[in-house]
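Undergrad: Chains as they are written, first to last, in our numbering: chain A, 1 to 224; chain B, 225 to 448.
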DNA sequence: CAGGAAAACTGCGCGCACGCAAGTTTGCGT
DNA sequence: ACGCAAACTTGCGTGCGCGCAGTTTTCCTG
């Protein structure tokens, strides 16, 4: 009786449950240790031990220490966006459905996650890993978009999904970076003093807005 | 008053020349050794030695062995796309300018690079590294697009550039992967035996086409 | 319910990526 | 021309990512 089912129905077995349990144990252990003693003073061996598995097994779940820590914050966001899109009524514009689904999904930044994000921001590799997680929403997004579009054009759904992921990444980066870090701010001339942070939903909408015409055109192709 | 020059004018000094020379020496050494004895039988120490620097210095230029090898194929493609876009007359649609620039830039797959690509395809980590290089075109593309759009909307140029990079990546992936590798081919039903490769320009155009409306709308915003 | 196949866990070992703290080279001002 | 400051290089050490091969656990079928 789970609400808007995830797109891919995993072959529910006892095996899969154990895997998910181990995965969750690992990422929570990683986050807890990182918060307790600072991200740099966490050995992989300790994370594995805290989760009750061997270090080698830890590496079967996460390819880097940063991934494990960040996964505790972004867990299940991939499935969340996809199901949120699928939950919208079929009448609304696909662009709006996607935008609202994304905004809603990234609204979960109010609990303890707020302080964790602050911690992440301080360590560059952690921030990079966090931004990389935006790519995870691409496969499920591709699936739901392909469903709406009827599956005519081969690469359209993938391109749109990837573009959304990129836009989300840009929004998050602009929101979290100290601004003017990577020598990128010189594009806009003498304005000076752009608002440093702003609200995340606004940034997400602003980043996704340029893509709306592409979604509209893709939809129009299937239902003139 | 610089013509079709690269967008970022590097502070030409003797220092910079040496750096570029070292970089080129490293990537060519990496490629040569990889071709000669197979990508797996190349130690980082050997690449560094062949280029006349220490292994530690090698890692100041490339973050991974795969990057060094792949860089020999994709060298200068970032600047190439940007200048190719800038070279188009100001009258044409931005979407067309970008598309043609990309197609033209990736047409350089006819020399020795053809066999190298075949080599790359065989080793998964190498292919991944190669696909990752598509992200390198994003910064210069952002700059040229921002110029054409007048710099009004903050994130629009970045989002469009990132979307183009993602589309190129998707096109390349579809072109190079044996198809049906990553459990993705099930989108197309019982057809079976889709053409394995196809032409790269066609794939690029097909992947970029869905983005054209977004470019048009962005252009229309600045010149109604 | 038994038994075999598939999948996951584990120990071992090898390079490798990168921080740090010297040492060395380039650039620039006077 | 000289010398200082900034940039680049280098050696060292540490932890880590992952391929490989063997063992243990889960799954499915007769």
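The beta-carbon is built from N, C-alpha and C at its ideal position, and this holds for glycine as well.
Note that the coordinates shown come from a computational prediction; the quantities given were computed from them, not determined experimentally.
CB of residue 305 of chain B to nearest heavy atom of the ligand ADP: below 7 angstroms?
TA: Although the ligand ADP was asked about, the structure shown includes no ligands whatsoever.
Undergrad: Please name the residue in B:265, B:363 and B:319 whose C-alpha comes closest to that of residue 303 of chain B.
TA: B:363
Undergrad: If you check the beta carbons only, do residue 81 of chain A and residue 53 of chain A fall under 8 angstroms apart?
TA: No.
Undergrad: Can you find the residues in the same chain that come closer than 6 angstroms, C-beta to C-beta, to residue 279 of chain B, ignoring five residues on each side of it along the sequence?
TA: 268, 269 and 272
Undergrad: Ordered along the chain, which non-local residues of its own chain (more than five positions away) have a Cβ less than 6 angstroms from that of residue 417 of chain B?
TA: Bear in mind that a pLDDT of 43 at residue 417 of chain B, under 50, signals an unreliable position, so the number given afterwards is only what the model happens to contain. Excluding positions up to five away in sequence, the list is empty.
Undergrad: Just to make sure I have the definition right: I need the residues of chain B whose C-beta is within less than 9 angstroms of the C-beta of residue 170 of chain A. Which are they?
TA: 379, 382, 383 and 386
Undergrad: Cβ closer than 9 angstroms: which chain A residues qualify as neighbours of residue 351 of chain B?
TA: Going along chain A, no residue has its Cβ under 9 angstroms from residue 351 of chain B, so there is no contact; the nearest lies around 17 angstroms.
Undergrad: Out of A:162, A:158 and A:157, which one is the CA nearest neighbour of residue 185 of chain B?
TA: There is no way to answer for residue 185 of chain B, as the model of chain B reaches only from 225 to 448.
Undergrad: Please list, in chain order, all residues of the same chain as residue 251 of chain B whose beta carbon is under 6 angstroms from its beta carbon, the five residues on each side excluded.
TA: 292, 295 and 296
Undergrad: Please classify residue 462 of chain B: does DSSP put it in a helix, a strand, or coil?
TA: Residue 462 of chain B is absent from the structure shown; chain B starts at 225 and stops at 448.
Undergrad: Classify residue 291 of chain B as helix, strand or coil using the three-state DSSP reduction.
TA: helix
Undergrad: Counting only runs of 4+ residues fully inside the stretch 322 to 351 of chain B, write out the alpha helix (DSSP H) ranges in chain order.
TA: 337 to 346
Undergrad: Please report whether the beta-carbon of residue 38 of chain A lies at a distance below 8 angstroms from any beta-carbon of chain B.
TA: no
Undergrad: Count the other C-beta atoms from every protein chain shown that fall within 10 angstroms of the C-beta of residue 281 of chain B, then say buried if there are 16 or more, exposed otherwise.
TA: exposed
Undergrad: What distance in whole Å lies between the Cβ atoms of residue 313 of chain B and residue 156 of chain A, which are believed to be in contact at a cut-off of 8 angstroms?
TA: Actually they do not touch by this definition, with Cβ atoms about 29 angstroms apart.
Undergrad: Can you tell me where the alpha helix (DSSP H) holding residue 22 of chain A begins and where it ends?
TA: Residue 22 of chain A -> alpha helix (DSSP H) spans 14 to 37.
Undergrad: Sorted by chain position, which residues of the same chain lie with C-beta nearer than 6 angstroms to residue 30 of chain A's C-beta, five sequence neighbours on each side aside?
TA: 47, 68 and 69
Undergrad: Nearest-angstrom Cα distance between residue 365 of chain B and residue 17 of chain A?
TA: 45 angstroms
Undergrad: Could you tell me the distance, in whole angstroms, from the CA atom of residue 227 of chain A to the CA atom of residue 256 of chain B?
TA: This structure cannot settle anything about residue 227 of chain A, because the visible part of chain A is limited to 1 through 224.
Undergrad: Flag this pair as yes or no: are the beta carbons of residue 427 of chain B and residue 395 of chain B separated by less than 8 angstroms?
TA: Residue 427 of chain B places its beta carbon less than 8 angstroms from that of residue 395 of chain B.
Undergrad: Please classify residue 266 of chain B: does DSSP put it in a helix, a strand, or coil?
TA: Coil.
Undergrad: Less than 8 angstroms between the beta carbons of residue 118 of chain A and residue 215 of chain A, yes or no?
TA: One thing to note: residue 118 of chain A has its Cβ no nearer than 8 angstroms to the Cβ of residue 215 of chain A.
Undergrad: Going along chain B in order, which residues have a C-beta closer than 9 angstroms to the C-beta of residue 174 of chain A?
TA: 378, 379 and 382
Undergrad: Enumerate in chain order the residues of its own chain whose CB-to-CB distance from residue 131 of chain A is below 7 angstroms, with the five nearest sequence positions on each side excluded.
TA: 169, 172 and 173
Undergrad: Output yes if chain A places a C-beta closer than 8 angstroms to the C-beta of residue 434 of chain B; else output no.
TA: yes
Undergrad: Of all the residues that make up the stretch 213 to 224 of chain A, which are near chain B by a beta-carbon distance shorter than 8 angstroms?
TA: 213, 214, 216, 217 and 218
Undergrad: Let's test the definition: count the other Cβ atoms within 10 Å of the Cβ of residue 339 of chain B and tell me whether it reaches 16, buried, or not, exposed.
TA: exposed
Undergrad: For residue 280 of chain B, name the three-state secondary structure that DSSP assigns.
TA: DSSP, reduced to helix, strand and coil, places residue 280 of chain B within a helical segment of the structure shown.
Undergrad: Rounded to a whole number of angstroms, what is the C-alpha to C-alpha distance between residue 445 of chain B and residue 42 of chain A?
TA: 50 angstroms
Undergrad: So what's residue 78 of chain A in DSSP terms, helix, strand or just coil?
TA: helix
Undergrad: Please report the straight-line C-alpha distance between residue 260 of chain B and residue 237 of chain B, rounded to a whole angstrom.
TA: 35 angstroms
Undergrad: Counting only Cβ pairs nearer than 8 angstroms, list the residues of chain B close to residue 206 of chain A.
TA: Going along chain B in sequence order, the residues near residue 206 of chain A (Cβ under 8 angstroms) are 377, 378 and 379.
Undergrad: Give the secondary structure of residue 142 of chain A by DSSP, where H, G and I count as helix, E and B as strand, and everything else as coil.
TA: helix
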